[in-house]
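Structure first, commentary second.
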Amino acid sequence: MAEHTRSSITIEATPAEVMAVIADFGRYPEWTGEVKEAEILKRRPDGRAEEVRLLLDAGAIKDEHTLAYQYPDEHEIRWSLVKSRMLRTLDGSYRVASVAGGKHSEVTYQLTVDVKIPMLGSIKRKAEKVIIDRALAGLKKRVESVPE
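If you're matching positions, the sequence shown starts at 310 in our numbering and goes up one per residue.
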């Protein structure tokens, strides 16, 4: 099994509000920082994104890749790499759990990254941690700033 990195954050919003922001891929460039472009290539019959092309600039990692998305339940979204120039693997998930009587959400982000160039495992884990922490901070700021 591949190693992964995981981190969580508490957001002052309901799980449905958090999931709405996570699933709004077209707006990722507005709040993620690293995603410069996002284009939905394919939609599921229910209208949710199935494949998304992302142009990423995360400092050391600049890449254009396509991700396939799955929705195991209303509180989780998973993705896996379809194609990329730099990456061999980019698997991840957001899991949102209700806390504080449903008024807040605990969001857990899990990520596994493998690049096509040789890189020490400890450096990959550190890069995953930076990506996760930035994404969670951006998500929290975005969700908590959306007017009710």
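Heads up, the beta-carbon is just placed ideally off N, CA and C, and yes, glycines get one too.
None of these values were measured; they are calculated from a predicted model.
Cut-off 6 Å between Cβ atoms - residues of its own chain near residue i, not counting five sequence neighbours on either side
i, result
"W388", "L376, Y378 and G401"
"P324", "H384, V405, S407 and S414"
"T319", "H413 and E415"
"D423", "R397 and T398"
Residue from the options with nearest C-alpha to residue i
i, options, result
"L448", "S414, L363, D382 and V361", "S414"
"T421", "L396, I349 and R443", "L396"
"G410", "T314, K438 and E321", "E321"
"K425", "K438, I440, L399 and V439", "L399"
"A347", "I331, P354, S317 and R315", "I331"
"L363", "R353, S317, S393 and D382", "S393"
"K438", "L390, A367, S454 and K450", "A367"
"V391", "K351, P338, R315 and I440", "K351"
Close-in-space but distant-in-sequence residues of the same chain around residue i (CB under 7 Å, 5 per side omitted)
i, result
"Y380", "R357 and I386"
"A444", "T341 and Y418"
"I349", "F334, G335, A358 and V361"
"V452", "I320, A322, E326, V327 and V330"
"H313", "Q419, L420 and T421"
Other residues of its chain near residue i: CB distance less than 8 Å, five sequence neighbours each side excluded
i, result
"L365", "E343, V344, K345, K371, D372, E373 and H374"
"S317", "E415, V416, T417, Y418 and L445"
"Y337", "V344, A347 and L363"
Coil, strand or helix - residue i by DSSP
i, result
"E346", "strand"
"A358", "strand"
"D333", "coil"
"K425", "coil"
"M310", "Note that M310 scores 39 on pLDDT, short of 50, meaning its location in the model is unreliable and no value can be drawn from it."
"I318", "strand"
"R352", "strand"
Q: For the region 365 to 416, list the beta strand (DSSP E) runs that are entirely contained and at least 3 residues long, ordered along the chain.
A: 370 to 382, 385 to 393 and 396 to 408
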